[in-house]
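Peer 1: My questions will all concern the structure given below.
Numbering (our numbering), first residue to last: 9 to 205.
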């Protein structure tokens with residue numbers, strides 16, 4: 009696809025007026041962005057700001073889920089993490105943390121988990137008001153959302169000011185209440201790791 013200039017065509021189609029087309033294009037980019045070379049190339053051709061624009065304006069859940077999924081894969085590259093933050097992606101993603109769509113939440117929180125591995129993004133998430141919403145999501149009924157939230161909170165807690173914010177927003181009590189009833193070993197490991205930090 010890349011060798012036949014297909015990535016450029018897909019990015020151009022992100023601006024198509026039909027949400028059905030947008031959703032399918034975002035899904036295609038999501039898959040293409042699982043490739044490391046594609047991730048770097050998509051950044052170069054303006055994919056990140058186009059996806060963030062869709063995330064900031066669309067109300068279609070398929071578009072939102074697939075756009076967040078594409079950004080999730082793109083955030084696997086260190087330079088892309090920086091560009092996503094530079095284009096205002098963190099507040100846009102936080103704006104979707106109260107979505108009723110499980111698919112959108114899984115993608116958004118997964119993206120934020122990836123972004124939080126970058127030291128500079130951890131305070132940005134706190135300053136954008138993300139920590140109280142993230143703590144509330146620890147109670148989410150979906151195990152994929154819960155696991156991504158637990159991983160995100162673990163990364164955020166490495167920052168000293170974030171530790172204070174987690175405590176001030178009831179995060180310690182929430183973590184302690186969830187540990188005995190964690191739905192899986194991977195969720196439990198992340199909850200315990202967060203307490204350790």
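Quick reminder that beta carbons are idealized off the backbone N, C-alpha and C, glycines included. Remember, predicted model here, so these are calculated numbers, not experimental data.
Among residues of its own chain, excluding the 5 on either side of residue 179, which ones have a beta-carbon nearer than 6 Å to its beta-carbon?
Peer 2: Hits under 6 Å: 143.
Peer 1: Skipping 5 residues on each side, what residues in its chain have a beta carbon closer than 8 Å to that of residue 112?
Peer 2: Counting only Cβ-Cβ distances below 8 Å, and skipping sequence neighbours, we find 69, 72, 73, 76, 104.
Peer 1: Starting from the C-beta of residue 191, find all residues in its chain whose C-beta is less than 8 Å away, skip the five residues before and the five after it, and write them out in chain order.
Peer 2: For residue 191, where only same-chain residues beyond five positions count, the Cβ hits under 8 Å are 151, 154.
Peer 1: Thinking residue 60 and residue 34 are a contact (beta carbons under 8 Å), I'd like their distance in whole angstroms, please.
Peer 2: Contact doesn't hold; Cβ gap of about 12 Å is too wide.
Peer 1: Any idea if residue 184 is buried or exposed, counting beta-carbon neighbours within 10 angstroms, 16 or more meaning buried?
Peer 2: Exposed, by the Cβ-count rule.
Peer 1: Just how far apart, CA to CA, sit residue 133 and residue 148?
Peer 2: Roughly 20 Å between the two C-alpha positions.
Peer 1: Please work out which residues of its chain come closer than 8 Å, Cβ to Cβ, to residue 205, disregarding the five sequence neighbours upstream and downstream, and give them in chain order.
Peer 2: Taken in chain order, the residues that qualify are 162, 165, 166, 171.
Peer 1: Would you report the Cα separation of residue 58 and residue 188, rounded to the nearest angstrom?
Peer 2: Near 42 Å, if we compare the C-alpha coordinates of residue 188 and residue 58.
Peer 1: Which term fits residue 37, buried or exposed, when burial requires 16 or more other beta carbons within 10 angstroms of its beta carbon?
Peer 2: So residue 37 ends up on the buried side.
Peer 1: Please go through the same chain and pick out, in chain order, the residues whose beta-carbon is closer than 8 Å to the beta-carbon of residue 106, but skip the five residues on each side of it.
Peer 2: Answer for residue 106: 141, listed in chain order.
Peer 1: Three-state secondary structure (DSSP) at residue 43?
Peer 2: DSSP places residue 43 in coil when its eight states are reduced to three.
Peer 1: Kindly indicate which residue of 84, 156, 138, 181 has the alpha-carbon position closest to the one of residue 98.
Peer 2: Closest by alpha carbon: 138.
Peer 1: Less than 8 Å separating the beta-carbons of residue 49 and residue 101?
Peer 2: Contact: no.
Peer 1: Does the segment 19–26 come within contact of the segment 79–90, defined as at least 3 CB pairs closer than 8 Å?
Peer 2: No, the segment 19–26 is not in contact with the segment 79–90.
Peer 1: Give the straight-line distance between the Cα atoms of residue 130 and residue 9, rounded to the nearest whole angstrom.
Peer 2: Those two C-alpha atoms are separated by around 35 Å.
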